[in-house]
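Under the numbering used here, the first residue of the first sequence carries the number 32, and numbering increases by one thereafter.
Ideal placement from N, C-alpha and C gives every residue a C-beta, glycine not left out.
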Amino acid sequence: MAKQQIERVKGTRDLLPEDMVKRRYVFERIREVFEVYGFKEILTPTFEYTKLFQLRSGEEVVKQLYAFKDKGGRDVSLRPDLTSSVARLFVNKFQNAPKPVKWYYITNMFRYEEPQSGRLREFWQAGVELIGSPNIEADAEVIALMIESYLSTGLKDFTLNIGDRILLDEFAKMLGVKDDIGLMRLIDKKDKMSREEFIEALKDFGLNDDAIEKVFSLIELKGKPDEVLPKAYELFTSKEAKEELKKIEELFELLKAYGVYDYALIDFGIARGFDYYTSIVFEAIAENDLGIGSIGGGGRYDNLIEVFGGKPTPATGFAIGIERLIPILESKGLLPNLRLSSDVLVVYIGKELEIKKKVIEITQMLRKERIKAEYELQGRKLRKALEYADKVEIPLVIILGKRDLAEGKATIRDMISGEQKSIEIEKIAKEVKEMLA
RNA sequence: GCCGGGGUGGUGUAGCCUGGUCAGCACAGGGGACUGUGGAUCCCCUAGCCCGGGUUCAAAUCCCGGCCCCGGCCCCA
32 MAKQQIERVK
42 GTRDLLPEDM
52 VKRRYVFERI
62 REVFEVYGFK
72 EILTPTFEYT
82 KLFQLRSGEE
92 VVKQLYAFKD
102 KGGRDVSLRP
112 DLTSSVARLF
122 VNKFQNAPKP
132 VKWYYITNMF
142 RYEEPQSGRL
152 REFWQAGVEL
162 IGSPNIEADA
172 EVIALMIESY
182 LSTGLKDFTL
192 NIGDRILLDE
202 FAKMLGVKDD
212 IGLMRLIDKK
222 DKMSREEFIE
232 ALKDFGLNDD
242 AIEKVFSLIE
252 LKGKPDEVLP
262 KAYELFTSKE
272 AKEELKKIEE
282 LFELLKAYGV
292 YDYALIDFGI
302 ARGFDYYTSI
312 VFEAIAENDL
322 GIGSIGGGGR
332 YDNLIEVFGG
342 KPTPATGFAI
352 GIERLIPILE
362 SKGLLPNLRL
372 SSDVLVVYIG
382 KELEIKKKVI
392 EITQMLRKER
402 IKAEYELQGR
412 KLRKALEYAD
422 KVEIPLVIIL
432 GKRDLAEGKA
442 TIRDMISGEQ
452 KSIEIEKIAK
462 EVKEMLA
């Protein structure tokens, strides 16, 4: 009698065989694309010194971390993402490596937050980091890769929305706002309130009518670059802003060359947390009715490596949220039917050791041919064994009893048609392959 | 951290408001009817009131606290 039932830890999930086949399918598609773009797989430790994450994001981030003291008194945290670890690794060992450094990872992350739709405490991300190039080509490369990653999973109904931290900073300056983060958070919430409420909120924030007018101009800067950029050049007057806009114009030209232009949009309202991003930021949105917002995001972080004690090194990257992507793929019927069951069940009739041994030999023969084969381990009677095969959708059953064995044969049963034939034991593997084909 | 809704066998649920029959049903699982042939039927078995406290003669049921789940807020690297 169990004294105590141990449950899963809050915000975690058990992944069952049927979940794992789907995930593996998605991971493999994404991995293929990462690889053909020349990214190499890496993995850093599951936990790091808490300091690493504090250095990047400040003290308040600790309450969103799975942070604890180990037995040696070290303050450590489970990784909330891989970007910090990658930057640390780069500073530790790769500062003199040939540039660019192109790394990817597919692994789990941990954040101590309240679970809700599309949000767990342990979750998986597939992401890349491209370190060493300050050029807009590098931004284009990762954005194109992100788009192609989604496409490889069959997703088509999505957009990659591109914003820019520099322009947001310029915007805040134009309005004379010091708390640019606060302003952007407010702008982020615009869709959750009515126009009147939004105007009220902006007034409460301290903006005058002219500034509010400008905020609305900014929000309208969303869509295809041909429409948005001309308006943006009107709204932004500073030299820095104009230069940044020129880069974005070029970025979209490059995306045309990559062949992914159709999926990319401008959205200058994107803030992406404001942690360490320095210019181009982006996030992917897929239309869905599951209440899932962004399915991935990224951007340029040109001073993070410096923060970690490295030489100033530009970098950019993104991460795809697997737990958000998979339900969307599933709801759109984009995941193929992946059968889990074995191809063959070998069943014996009778209790003689000789028959059981022959059944094992047949099973092994099939396995050597890389056919997924199992034999009846429960010792069920033939009738029950057939019911079992039917229930778990094993398409072929090989039956071996005294009568078959006496002739050196076994019976193969096609579980779908019900047809059976007697076949010499040595020829089973060949026959099974033909029947499965 | 805050707010709302919920927690009954492995799964889905009835019962809760109006405390009191062995907590009912279905599916799944195991066995049998049928000792070499399944996807049909019948029978049997396994297995449950999230945890702790309180009220009461009596708690799955009412009250309090906790934990967990679903969703929302904050936040979202």
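Which of helix, strand or coil DSSP assigns to residue i
{"i": "LEU427", "result": "strand"}
{"i": "THR81", "result": "helix"}
{"i": "GLY213", "result": "helix"}
{"i": "TYR292", "result": "helix"}
{"i": "ASP50", "result": "helix"}
{"i": "ILE469", "result": "Since the displayed the chain opens at 32 and closes at 468, residue 469 lies outside it and no answer follows."}
{"i": "GLN409", "result": "coil"}
{"i": "ALA460", "result": "helix"}
{"i": "PHE99", "result": "strand"}
{"i": "GLU455", "result": "strand"}
{"i": "ARG39", "result": "coil"}
{"i": "ILE73", "result": "coil"}
{"i": "ASP306", "result": "coil"}
{"i": "ASP298", "result": "strand"}
{"i": "ASP45", "result": "coil"}
{"i": "TYR68", "result": "coil"}
{"i": "VAL208", "result": "coil"}
{"i": "ARG370", "result": "coil"}
{"i": "LEU282", "result": "helix"}
{"i": "MET32", "result": "Unreliable placement is indicated for MET32, whose pLDDT of 33 sits below 50; no coordinate value is reported for it."}
For residue i: DSSP bridge partner residues
{"i": "ILE162", "result": "VAL132 and ALA346"}
{"i": "ASN123", "result": "Looking at the DSSP assignment, ASN123 forms no beta bridge with any residue, so it has no partner."}
{"i": "THR190", "result": "ILE316"}
{"i": "VAL377", "result": "TYR406 and ILE429"}
{"i": "ILE311", "result": "ASP195"}
{"i": "ILE218", "result": "In the DSSP output, where bridge partners are listed per residue, ILE218 has none listed."}
{"i": "ASP112", "result": "Partner(s): none; ASP112 has no beta bridge."}
{"i": "LYS253", "result": "ASP298"}
Residue i - containing alpha helix (DSSP H), residue span
{"i": "PHE247", "result": "240-250"}
{"i": "GLN395", "result": "384-399"}
{"i": "GLU265", "result": "256-266"}
{"i": "ILE230", "result": "226-236"}
{"i": "ARG355", "result": "353-362"}
{"i": "GLU90", "result": "Note, GLU90: premise wrong, no alpha helix (DSSP H); not H, not E."}
{"i": "GLU450", "result": "Note, GLU450: premise wrong, no alpha helix (DSSP H); not H, not E."}
{"i": "ALA468", "result": "Where ALA468 is concerned, there is no enclosing alpha helix (DSSP H), given that its DSSP letter is neither H nor E."}
{"i": "SER180", "result": "167-183"}
{"i": "VAL338", "result": "335-338"}
Endpoints, the beta strand (DSSP E) within which residue i is located
{"i": "ARG444", "result": "440-445"}
{"i": "SER108", "result": "106-109"}
{"i": "ARG331", "result": "325-331"}
Cβ distance (whole Å) where residue i is taken to contact residue j below 8 Å
{"i": "VAL2", "j": "LEU86", "result": "Nothing in the structure corresponds to residue 2, since the chain is present only between 32 and 468."}
{"i": "GLY330", "j": "PHE313", "result": "6 Å"}
{"i": "LEU356", "j": "VAL57", "result": "7 Å"}
{"i": "LEU191", "j": "ALA315", "result": "5 Å"}
{"i": "PHE299", "j": "ALA263", "result": "7 Å"}
{"i": "ILE353", "j": "GLN126", "result": "Not really, about 31 Å apart at Cβ, beyond 8 Å."}
beta-carbon residue i near the ligand COA non-hydrogen atom, thresh 7 Å
{"i": "ILE279", "result": "This structure simply doesn't include the ligand COA, nor any ligand for that matter."}
Quick check for students: name the residue ranges of the beta strand (DSSP E) that lie wholly in the region 132-160, counting only runs of 3 or more. 132-141
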